[in-house]
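Residue numbers (our numbering), protein chains in the order written: chain A, -12 to 288; chain B, 14 to 456.
Notes for the one structure printed next.
This is the structure:
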């Protein structure tokens, strides 16, 4: 091997060894609100809340949202709350959307755990409209929301897959939640997908800027972003090593809709960012992605 | 006539090496071919090339196989060991210990250079440490030039530390019958003194001082803490095993001349080198192809040709080295207590001008181990190692340092380098001269 090549090789080895320190925020889950729908997902919601209460010392309140007064249905609901392990749960009357707004503006819990989709009930005074309520919830509140989408058994914080967005301000929030929630001895996988669609759109933008060579410009931006993301992920993995769980990272290039469903495999929780704005979650690809992967619990940030 | 012919051939070879007319291996094999043909034509080998009742061709007898064995075995060993990450890992650990303070960084990188160049070949040591230096200086916003220069100067000092640290050591040390431990015990004090002086001079010359501001110290510390040594290690099991094997090989090198069986003349240091290489290959059997490819075969064939040329020149009938030896003996006899000191300068300057390997090979043939005093051997060893610091092309490690500077956009001319390097080289040679005079008194 020529000396020049050896210099290149060792130069890149040491360059690679520079790993930025990720200053994750300390996540405090002071108050957790669990929204019930009395489906078979209820116990999983309660179990997740209990685990977090135990680990974070959180106050947990269980709620069932009921639009209208209906004594018979209410009595039934109380019984179901009790059987779900939330006998201290409360039944909240009124417009669910208004309640969610209140949650977001006044109560501001650190985390909402919701059985999703919150199902309709047969009672005429049914609490919420199936599925749509979850949409309203996600739109109305920037509060991190853990959606339990199946009757999950075991800890959802055992094997976490966090889909890391590229260069957005909520990147650190995503790392922070992933690190905070992963169980000691658990596994955390940080996955960034270089979205080819987005790169194409970038190319279109570059096309109207004649001073930039479109192909080179796209390639350059993509390569630089990938390098930076690789560093960030390695920094995060390094931080994770000291946090008592196994962390690794990966960068994949392609269509997230094809890649992500194949990556979740044995994960117990998927963390999805809202690409910078929680209010846009519904319109974001993250939301579409979530719906492509049924059953897996999702933490929407 | 025959003496003049081979003397001219030798001088022409040294000049061609100095001016890099041809790749070294090509040149030495060409010259070896010419010398063999001429020697055979003059009947130089008549009746000599026999051993144990079997005919052994002259070229085979002229080659110093133990030296080649050490070079090849060590190359394979180092190549596989370096894949484990033990060298890059250690380098980053030490960088972090410096806390990013410029003066401590210089001290620690200097020490690391000394140690690495003692156990690796000087070029590999300079490539590893120089590459780290460039990246670290960028992170710390320091000028890389002083660090790279000091490292280049110290690779040649570190090359003196052990019997296997450099080619002149292997050639001259083996011929003089110096054991690994003896070599280290004599060389280490010189290396420590010369390194301390070099670092002190660098501090003065380049104005490298410790950080005094607390905030600046903290910022520097944070910047070096961003280096993660484990990023350079791919397989932790192999990494740990490599540490054990490396330690074992160093211990075996040290004890080889004392251990039963190992001290047999039929085994020697080359056996230890190959043992280390074999164990590493057993740990990484799939790396055999790469490891063998990365042996510097051009260097090996350079040696093959060189040994043949020097061997022929050293033949009694040819008499070139005999005549040169007379000149050297005259010099030694007429300079009394300063003889070894003068030899340090002569070999130092000559090895700065041309390749130090043929110089060492010639000296090893000129000196008789039975009658040459130890300080003379040491003078040749010290001068042969240090001469490379005088010019930017004086040694391969210095060339690597200069290449790294150029890559970083640091301009340094031939004369500019000599202006900076000469005080360091002179100081090291002065200390070397005083040291061999001391050795003359005590050995």
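Yeah, the Cβ is synthetic: ideal placement off N, Cα and C, and Gly gets one too.
Since this is a predicted model, take the numbers as computed values, not measurements.
Tell me which residues share the same chain as residue i and place their Cβ nearer than 7 Å to its Cβ, disregarding the 5 neighbours each side in the sequence.
| i | result |
| --- | --- |
| residue 411 of chain B | 165, 401, 402 and 405 |
| residue 364 of chain B | 372, 396, 397, 400 and 401 |
| residue 164 of chain A | 14, 131, 258, 286 and 288 |
| residue 101 of chain B | 141 and 245 |
| residue 122 of chain B | 142, 146, 160 and 164 |
| residue 110 of chain A | Because the pLDDT of residue 110 of chain A is 42, which lies under 50, any placement of that residue in the model is unreliable, and the number read from its coordinates should be weighed accordingly. So the list reads 57 and 60, once near-sequence residues are dropped. |
Leaving out five residues before and five after residue i in sequence, what residues of the same chain have Cβ atoms less than 8 Å from its Cβ?
| i | result |
| --- | --- |
| residue 452 of chain B | 199, 353, 387, 388 and 391 |
| residue 48 of chain B | 19, 22, 321, 322, 325 and 326 |
| residue 267 of chain B | 193, 194 and 197 |
| residue 329 of chain B | 335 |
| residue 201 of chain B | 174 |
| residue 270 of chain B | 192, 193, 194 and 276 |
| residue 435 of chain B | 403 |
| residue 160 of chain A | 12, 260 and 288 |
| residue 135 of chain A | 28, 31, 32, 35, 100, 101, 102, 103, 143 and 284 |
So residue i and residue j are in contact, right, with Cβ under 8 Å, and what is the actual spacing, rounded?
| i | j | result |
| --- | --- | --- |
| residue 331 of chain B | residue 52 of chain B | 7 Å |
| residue 75 of chain A | residue 49 of chain A | 7 Å |
| residue 140 of chain B | residue 104 of chain B | Actually they do not touch by this definition, with Cβ atoms about 11 Å apart. |
| residue 238 of chain A | residue 220 of chain A | 7 Å |
| residue 296 of chain B | residue 251 of chain B | 6 Å |
| residue 276 of chain A | residue 247 of chain A | 6 Å |
| residue 185 of chain B | residue 376 of chain B | 6 Å |
| residue 180 of chain A | residue 129 of chain A | Not a contact, Cβ separation roughly 24 Å. |
| residue 108 of chain B | residue 149 of chain B | 6 Å |
| residue 408 of chain B | residue 38 of chain B | Incorrect: roughly 18 Å between the Cβ atoms, too far for contact. |
| residue 138 of chain B | residue 171 of chain B | 7 Å |
| residue -6 of chain A | residue 417 of chain B | 7 Å |
Which residue or residues does DSSP assign as beta-bridge partners of residue i?
| i | result |
| --- | --- |
| residue 285 of chain A | A:134 and A:257 |
| residue 150 of chain A | A:178 and A:259 |
| residue 18 of chain A | A:46 |
| residue 241 of chain A | A:182 |
| residue 100 of chain A | A:21 and A:133 |
| residue 235 of chain A | A:176 |
| residue 77 of chain A | A:50 |
| residue 331 of chain B | In DSSP, residue 331 of chain B forms no bridge with anything. |
| residue 5 of chain A | B:240 |
Note down, in chain order, each residue of its chain lying with its Cβ closer than 6 Å to the Cβ of residue i, except the 5 sequence neighbours on either side.
| i | result |
| --- | --- |
| residue 223 of chain B | 114 and 116 |
| residue 223 of chain A | 9, 162 and 177 |
| residue 218 of chain A | 7 |
| residue 234 of chain B | 112 and 113 |
| residue 281 of chain A | none |
| residue 77 of chain B | 320 |
| residue 438 of chain B | 402 and 403 |
Problem set entry | Residues within the segment 151 to 172 of chain B neighbouring chain A, beta-carbon criterion of under 7 Å | 152
Problem set entry | the segment 80 to 89 of chain B in contact with the segment 277 to 293 of chain B per 3-pair CB rule at 8 Å | yes
Problem set entry | Contact between the segment 250 to 258 of chain A and the segment 130 to 149 of chain A (3+ Cβ pairs under 8 Å) | yes
Exercise. Taking Cβ-Cβ distances below 7 Å as the criterion, which residues of the segment 201 to 233 of chain B are in contact with chain A?
Worked result: none
Exercise. Which residues, taken in chain order from the segment 405 to 419 of chain B, show a beta carbon closer than 9 Å to some beta carbon of chain A?
Worked result: 409, 412, 413, 416 and 417
For this session: For the segment -1 to 13 of chain A, enumerate the residues whose C-beta is nearer than 7 Å to any C-beta of chain B, in chain order.
Result: 0, 1, 2, 3, 4, 5, 6, 7 and 8
Exercise. Three or more beta-carbon pairs under 8 Å between the segment 156 to 172 of chain A and the segment 221 to 233 of chain A, yes or no?
Worked result: yes
For this session: Say whether the segment 112 to 120 of chain B touches the segment 88 to 104 of chain B, bearing in mind that this needs 3 or more beta-carbon pairs closer than 8 Å, one atom from each stretch.
Result: no
Exercise. What are the residues of the segment 211 to 236 of chain A that lie near chain B, defined by any Cβ-Cβ distance shorter than 9 Å?
Worked result: 221, 222, 225 and 228
For this session: Evaluate the contact criterion for the segment 84 to 92 of chain A versus the segment 32 to 46 of chain A: three or more CB pairs, one atom per stretch, below 8 Å.
Result: no
Problem set entry | Members of the segment 304 to 332 of chain B that neighbour chain A once the beta carbon cut-off is set at 7 Å | For the segment 304 to 332 of chain B, the set of residues with a beta-carbon nearer than 7 Å to any beta-carbon of chain A comprises 307, in chain order.
Exercise. Three or more C-beta pairs closer than 8 Å, one from the segment 169 to 179 of chain B and one from the segment 117 to 135 of chain B: is that the case here?
Worked result: Contact between the segment 169 to 179 of chain B and the segment 117 to 135 of chain B is present, because at least three Cβ pairs lie under 8 Å.
Exercise. When you check each C-beta in the segment 264 to 283 of chain B against every C-beta of chain A, which residues fall closer than 7 Å?
Worked result: none
Exercise. Are the segment 415 to 424 of chain B and the segment 366 to 380 of chain B touching, with three or more C-beta to C-beta distances below 8 Å?
Worked result: They do not touch, by the three-pair rule.
Exercise. Between the segment 296 to 315 of chain B and the segment 212 to 223 of chain B, do at least 3 Cβ pairs fall closer than 8 Å?
Worked result: Cβ pair count under 8 Å is below three, so no.
Exercise. Of the residues that make up the segment 240 to 251 of chain B, which ones have a beta carbon closer than 9 Å to any beta carbon in chain A?
Worked result: 240, 241, 242, 243, 244 and 245
Problem set entry | Contact set between the segment 87 to 108 of chain B and chain A, restricted to residues whose Cβ is under 7 Å from the partner | 101 and 105
Exercise. Between the segment 84 to 106 of chain A and chain B, which residues of the former have a C-beta closer than 9 Å to a C-beta of the latter?
Worked result: Against chain B - using a Cβ distance shorter than 9 Å - the segment 84 to 106 of chain A contributes no residues.
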